[in-house]
């Protein structure tokens, strides 16, 4: 099914509706807001088979993966709704009056977070549910109290349309006005630009390419009123293989990574794209084992022809660089008659070929092209001359969503300066594991120094993602009866509040 | 005394020193960091008479005001240091492992805030202590664990130099390396640009003009790695005079405002520059009383010739607009022989003349020049035809640091839509008070929608200002012994942490 791009007047109308209904939604009782978000989750569950079937057709992702993704999406909606209901994002601070203070009395001041206003969310291509129409950004913005305008990803527009219908039905069933949620189709890049540039928009959530995310960030910074843009643009997620751990566990680690590199055809923003170690018998053992495993893994269709073409081009460009050796190539696709099928490129057969390449530390340092993400089931092993060179590479890496340390505790202590450097360049640091698999928990940080994301101070996964869409307002000397519920003496919601410097969930 | 501008190589060297010593300062024990900041406060107190004398000469501000400002600066340093020691800015989240979870175990994940890196702070002209060298931005960044590079405000360079010496001595007395603090002179605007553009800088704090703050914001957004800029650029701080309250208290409110408009020669970013009410006998009573009071107040020297000149020009431009009536002018300056002294302009006698003007709501709406801040002891009374026009003006105002409601509780309920609109445009909302006088407490919000500040999600006053200079990092499956102290099971610091969804200050 194809959808027509929204027109500029349609976008303008959606924005005005959102801005108008913002006041209603902002002041909605937290219980009804939670109920609305739970209703979206129930709606997704009630339609899961149809949604998954549609997404399978549009994205080539598998049944189990997509079913799991819907479950994750529902968990996000419900857990963020519950976190907001508990008021954890409100950051309430109360300092009561000191009428006898000299030289002047201290007024009563009470502060809490309030929603920013209408938020534009761009559906991502690699998570048709969890980071699209009813995904993490939408769930965070709705939990914060912001109306949402979603731009459907054109590669799964029908899935998006079906999810949008479920959201609208949940809104209507809970008596919410129309402007709380809008769904816009826009294959043309200008539609995205028009959305971000609209004066009534107050924030933007985006998951996708560096060029796309950066373009939106630039547009937003150049507005008359600049607004925050949370672009999650991916990274190469370096994995540091330290000598002690590799000595005992090279084969085991290789097994973890053959799975992690090729999971969902490598189409995760946390895909491990760089593996770094010191030239040694252990590193060779690791490389040999990983090559063996990856060579046995099948090629598989990628999300859409654009992504497949980009993978084919970037993979080819990387493999053809001076000093880059191809260590392993997965099983190539075949036609039903057994002949070799065409690969990648012009959208003929959108295949992601598992690929492991290798280069030296010196070569990597000298060639900026090798620092770029190759989005797909690809990883580059960087064989360094010594740990000094590993450190040098670490110092030259750009900001990352994740970094991983494959290490013994002794390795960590022996190379504390490397560990410190690695932490400086990422948002999440994993000890003896893989970066793929992003838990949706309060402790998750999914976001990192630029260019992993445009704002390292926030996360796009976990309930703290709600904080992207709020700002503080202080009320000075307000009569108790006129304060927002969360700031009243009674504290009927039982919120945790910092009252005169002490935490309390009691009344004042 | 005059100081030479720093050279580009000197700036580069300071940045490298800061970036290098960042690791030391970041990992410093919280107790030593607190001790360092307390030592700065003690150093300021030990030198208070000399500091105040120097600042009096450089800024024309009075002895009591400046002495009070040093006390405030010391309170900021100590209270932010104590807040950071208590770990309130760390936002610790811990989700412990669920090894038996199906289909896959859940890893242990622990998240906390870590400092961003070197921060550039621009000294402000109107607060030579509290928002300059050892002021709020510096205190927040140091509390966060970030090295600070201060650019002295050229209008009080000697005060800045003396404060910088106290900071460096406190650093040295606490064994801190040189790069924790640097002090740069730079009268030339290019010095500011070079600081913000330097690749090793991670964030910027600025208090000053809209043009200056916006220029730094734009520079930072255009960097290869964009960084956050917290520019606090001031606002007109509208005061809404609602009918019920004005009926009973017109004279009392006029008295509050004659003081607030002229406090420190009107040189506060929270100065009430717009007073809005509905044409009525009460409003006329208020205007008459306020005019009478302001006409008795003396003109006084402003901070420096540049500010005096800007005030003279903007005041003149506003007063000469069509439909603007001058209601009151304060007592003009006289020479020692009693003759009229020259006023404003070319730095001859930098005098700020208390001024009250008046216009209609329609005229205000039609003339954008009247929306601009006139930085000084000036306010514009907007006489609206009815409350509908007050609302229209409110809807057309730009983002504000503060808004004030002069109202009875009945007024607030009767005009709930106006109150809602007013809240949407500001960071702090005051009930029956004045916006000047910004308490340094956790509940303070000093920051508002653009163009009041460049980022409404943060405050530059109160301990939450520390959050401007941190970002979250998650540690996945880390051995307890290798975690940062704040995330260890033991919780030796007794921090409040969200552990598996529940708040706790205990060990795990």
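Chains as they are written, first to last, in my numbering: chain R, -6 to 501; chain C, -6 to 501. No residue lacks a Cβ here, since even glycine has one placed at the ideal position from N, Cα and C. All figures in this text were calculated on a predicted structure; none of them were measured in a lab.
Three-state class that DSSP yields for residue i in the structure shown
i	result
residue 67/C	helix
residue 340/R	Unreliable placement is indicated for residue 340/R, whose pLDDT of 41 sits below 50; the coordinate value is still reported in the next sentence. Residue state, collapsed to three classes: coil.
residue 349/C	strand
residue 448/R	coil
residue 262/R	coil
residue 94/C	coil
residue 106/C	strand
residue 438/C	coil
residue 139/R	coil
residue 3/C	helix
residue 425/C	coil
residue 501/R	coil
residue 463/C	strand
residue 323/C	coil
residue 87/R	strand
residue 176/C	strand
residue 223/R	strand
Inter-residue CB distance, residue i and residue j (contact presumed, cutoff 8 Å)
i	j	result
residue 488/R	residue 473/R	In fact, because the Cβ distance is near 15 Å, the residues do not count as touching under 8 Å.
residue 218/C	residue 244/C	The Cβ separation is near 56 Å, so there is no contact.
residue 367/R	residue 311/R	6 Å
residue 200/R	residue 225/R	5 Å
residue 434/R	residue 455/R	6 Å
Contact list for residue i against chain C, beta-carbon separation under 8 Å
i	result
residue 466/R	416, 419, 420, 421, 422 and 438
residue 432/R	88, 99, 100 and 102
Within chain C, partners of residue i - CB distance below 9 Å
i	result
residue 230/R	Under the 9 Å cutoff, chain C gives no residues; its nearest Cβ is about 12 Å from residue 230/R.
residue 452/R	104, 465 and 467
residue 491/R	81, 435 and 436
residue 475/R	402, 405, 406, 412 and 424
is_contact[residue i, chain C] using C-beta, thresh 9 Å
i	result
residue 471/R	yes
residue 5/R	no
residue 337/R	Confidence is the limiting factor: at residue 337/R the pLDDT is only 47, short of 50, which leaves the residue's position unreliable, though a coordinate-based value still follows. So no, residue 337/R is outside the interface.
residue 494/R	yes
residue 211/R	yes
residue 11/R	no
residue 110/R	yes
residue 123/R	no
residue 205/R	no
residue 502/R	No answer is possible for residue 502/R: it lies beyond the span of chain R, which begins at -6 and ends at 501.
Short CB-CB distance (under 9 Å) between residue i and chain R
i	result
residue 8/C	no
residue 340/C	For residue 340/C, the pLDDT reaches just 41, beneath the cut-off of 50, and the residue's location in the model is therefore unreliable, leaving the point undetermined.
residue 503/C	For residue 503/C there is no data in the structure shown, the boundaries of chain C being -6 and 501.
residue 478/C	no
residue 65/C	no
residue 435/C	yes
residue 223/C	no
residue 379/C	no
residue -2/C	no
residue 392/C	yes
Any non-hydrogen atom of the ligand SAM closer than 8 Å to residue i Cβ
i	result
residue 382/C	Of the ligands one can find in the structure shown there are none, so the ligand SAM has no counterpart to examine.
Where residue i meets chain R, residues with beta-carbon distance less than 9 Å
i	result
residue 404/C	Correct list: empty, because the minimum Cβ distance to chain R is about 10 Å.
Where residue i meets chain R, residues with beta-carbon distance less than 7 Å
i	result
residue 449/C	464
residue 413/C	16
residue 443/C	218 and 219
Within chain A, the residues that residue i reaches when beta carbons sit closer than 9 Å
i	result
residue 128/C	Although the question refers to chain A, the structure presented lacks it and instead comprises the protein chains R and C.
Neighbouring residues, chain C, relative to residue i (Cβ below 7 Å)
i	result
residue 425/R	470
residue 214/R	214
Quiz item: Looking at chain C, which residues of the stretch 21 to 34 of chain R have a Cβ within less than 9 Å of any of its Cβ atoms?
Solution: Of all residues in the stretch 21 to 34 of chain R, none has a Cβ within less than 9 Å of some Cβ in chain C.
Quiz item: Residues in the stretch 93 to 108 of chain C with C-beta within 8 Å of chain R's C-beta atoms, listed in sequence order?
Solution: Those residues of the stretch 93 to 108 of chain C that come within reach of chain R (Cβ to Cβ, closer than 8 Å) are 97, 99, 100, 102, 103, 104 and 107.
Exercise. With 7 Å as the C-beta to C-beta threshold (strictly closer), list the residues of the stretch 74 to 94 of chain R near chain C in chain order.
Key: For the stretch 74 to 94 of chain R, which is checked against every Cβ of chain C, the residues closer than 7 Å are 86, 87 and 88.
Quiz prompt | Residues in the stretch 133 to 156 of chain R having any Cβ partner in chain C nearer than 7 Å | solution = Contacts with chain C (Cβ-Cβ distance below 7 Å) from the stretch 133 to 156 of chain R involve no residue at all.
Exercise. Scan the stretch 171 to 202 of chain C for residues whose Cβ lies nearer than 7 Å to a Cβ of chain R and list them as they occur along the chain.
Key: Contact annotation: in the stretch 171 to 202 of chain C, no residue has its CB less than 7 Å from a CB in chain R.
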